[in-house]
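>
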């Protein structure tokens, strides 16, 4: 495999890092919102939906992190 195909450009890496930072903030916002919903005894179904959205964000963050820091097999 061509090494250039594996390496992402600095611009792509910067874009990924920017999206990662934005999603990380969104994840923290969801966390705070869920805590507030729990504290105010909000509808459990709404809380569960928020938790699913937060989990989807976490999965996307992991994907982005894997693109930025690929596994190195020694």
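Numbering (the numbering used here), first residue to last: 578 to 651.
No residue lacks a Cβ here, since even glycine has one placed at the ideal position from N, Cα and C.
1) Using the Cα positions of residue 578 and residue 609, report the straight-line distance between them to the nearest angstrom.
2) Do three or more CB pairs link the segment 624–632 to the segment 597–607 at distances below 8 Å?
3) Less than 8 Å between C-beta atoms, sequence neighbours within five positions excluded: which residues of the same chain meet that for residue 593?
4) Roughly how many whole angstroms lie between the Cα atoms of residue 591 and residue 638?
Walking through what the data contain:
1) To locate residue 578, count along the chain shown from 1; it is residue 1. To locate residue 609, count along the chain shown from 1; it is residue 32. Confidence at residue 578 is low in this model, with a pLDDT of 44, below 50, so its placement is unreliable and the value that follows should be read with caution. Rounded to whole angstroms, residue 578 and residue 609 show a C-alpha spacing of 44 Å.
2) The segment 624–632 is in contact with the segment 597–607.
3) Walking along the chain shown from the start, residue 593 turns up at place 16. So the qualifying residues of the chain are 585, 641, 644, 645.
4) In the chain shown, residue 591 corresponds to position 14, counting from 1. In the chain shown, residue 638 corresponds to position 61, counting from 1. Residue 591 and residue 638 have their C-alpha atoms roughly 15 Å apart.
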